[in-house]
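Here the structure is laid out as structure tokens; the discussion comes afterwards.
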Amino acid sequence: MGIAYPLDPNTDPNTFIDTDEADRSNKPIIGYLYSFATEKRAWPPEAKRNNEEEAPRHWWESHRVTPAHDALFHLADLVLSIPTSSSSSSERAWTIHSF
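In full-length UniProt numbering, the protein residues as written are 1 to 99.
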């Protein structure tokens, strides 16, 4: 699942294409992701500029204001903490979390 892309508050939700939408076990999270994408589209330019200054994991820590955001925070914390410097360490992390 291309889950990290929509979780980053700095990305454009209009360019996200979800190929795993058919997996119904992810339906609640996918709904939260689409709701978050709708929120991101409504952000004024000033909010977008402010978000550019903050790392995605830190942004999620400070924006856990709704149950949906809290659920996405936990997912973002897992996904955005996966190391990208080594393919073996990232592969191990993806396997452990069953992504």
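Positions of the beta carbon are idealized from the N, C-alpha and C atoms, including for glycine.
Task: Neighbourhood of alanine 55 by C-beta distance below 8 angstroms, restricted to the same chain and skipping five residues each side - done: Position 55 of the sequence shown, counting from 1, holds the residue named residue 55. So the list is empty, once near-sequence residues are dropped.
Open item on the list: Give the list of continuous alpha helix (DSSP H) stretches no shorter than 4 residues that lie fully inside the segment 24-76.
Closed with: Segments of the alpha helix (DSSP H) lying fully in the segment 24-76: 27-42, 45-52 and 56-61.
Open item on the list: For leucine 72, tell me which candidate among Lys27, Glu46, Ala42 and Asp12 has the shortest Cα-Cα distance.
Closed with: Translated into positions along the sequence shown, residue 72 becomes position 72. For the set Lys27, Glu46, Ala42 and Asp12, the Cα lying nearest the Cα of leucine 72 is the one of Lys27.
Open item on the list: So, at 7 angstroms on beta carbons, what are the nonlocal neighbours of asparagine 51 in its own chain, with the 5 sequence-adjacent residues on each side left out?
Closed with: What you label residue 51 is simply residue 51 of the sequence shown in a count that begins at 1. Excluding residues up to 5 positions away in sequence, Pro9, Asn10 and Trp59 lie with their Cβ nearer than 7 angstroms to the Cβ of asparagine 51 in the same chain.
TODO: Would you kindly check if the distance between the Cβ of alanine 37 and the Cβ of proline 13 is under 8 angstroms?
DONE: On the sequence shown, position 13 is the one that residue 13 refers to. On the sequence shown, position 37 is the one that residue 37 refers to. Taking a C-beta distance under 8 angstroms as the contact criterion, proline 13 and alanine 37 qualify as a contact pair.
Open item on the list: I need the DSSP call for valine 79, collapsed to helix, strand or coil.
Closed with: If you number the sequence shown from 1, residue 79 lands on position 79. DSSP, reduced to helix, strand and coil, places valine 79 within a helical segment of the structure shown.
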